[in-house]
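Participant: The structure's right below; bear with me while I get my questions together.
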Amino acid sequence: MRKKIVLIGLIAVFIFLGIFCYKTWLITFTVTKFLSGPTEGKQGIVRSIIIPWRNYQLHFHHWLLALIIGLVCLMRNSYIVTPEVFYSSLSAIIFQGIYCYEDWYRIIKKKNTLSALE
């Protein structure tokens, strides 16, 4: 259910921005799919950001980082490229991260005690 709500919101924003963005969106989606891990738990070309904290691991998914970057740039009214290209790229990264992985919502994980003993 959470996945559907997020995806419907992204699709609504994409339609709102218009067809102008679709090429940028498709290129960014393809590049993100290539650079990220093929499945959950598999390392991609670009390494995941996982920060150990006590008995937990904080996993900063690429979709979460893109969302944070987008919100900060929106609040500061600054862009790296034109807003249409910038937000279509970020929405493609967010969409790929949520659509292609089943563990997209797991940000805080408890450390596995067995792996610490090995």
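Using numbering that gives the first Met the number 0, read the sequence shown as starting at 0 and increasing by one per residue.
C-beta atoms are modelled at their ideal positions from N, C-alpha and C, and glycine is treated no differently.
Computed from a predicted model, the values in this text were never measured in an experiment.
Where DSSP assigns a beta bridge to Leu57, which residues make up the other side?
Facilitator: For the purposes of this step, residue 57 is identified with residue 58 of the sequence shown, where counting begins at 1. Answer is Ile50 and Ile107.
Participant: Is DSSP giving Gly69 helix, strand or coil here?
Facilitator: Within the sequence shown, numbered from 1, the residue matching residue 69 stands at position 70. In the structure shown, Gly69 sits in a helix (DSSP, three-state: H, G or I).
Participant: Should Ser77 be labelled buried (16 or more other beta-carbon atoms within 10 Å of its own) or exposed?
Facilitator: As a working note, residue 77 is residue 78 in the sequence shown. Exposed.
Participant: So for Ser90, helix, strand or coil by DSSP?
Facilitator: Locating residue 90 in the sequence shown gives position 91, where the first residue counts as 1. Correct three-state label for Ser90: helix.
Participant: Here's the rule: buried if 16 or more other CB atoms are within 10 angstroms of the residue's CB, otherwise exposed. What is Phe59?
Facilitator: One-based indexing of the sequence shown puts residue 59 at position 60. For Phe59, the number of other beta carbons within 10 angstroms of its own is below 16, and it is reported as exposed.
Participant: Sorted by chain position, which residues of the same chain lie with C-beta nearer than 8 Å to Thr31's C-beta, five sequence neighbours on each side aside?
Facilitator: Counting from one through the sequence shown, the residue named residue 31 turns up at place 32. Answer for Thr31: His61, Ala91, Ile92, Gln95 and Gly96, listed in chain order.
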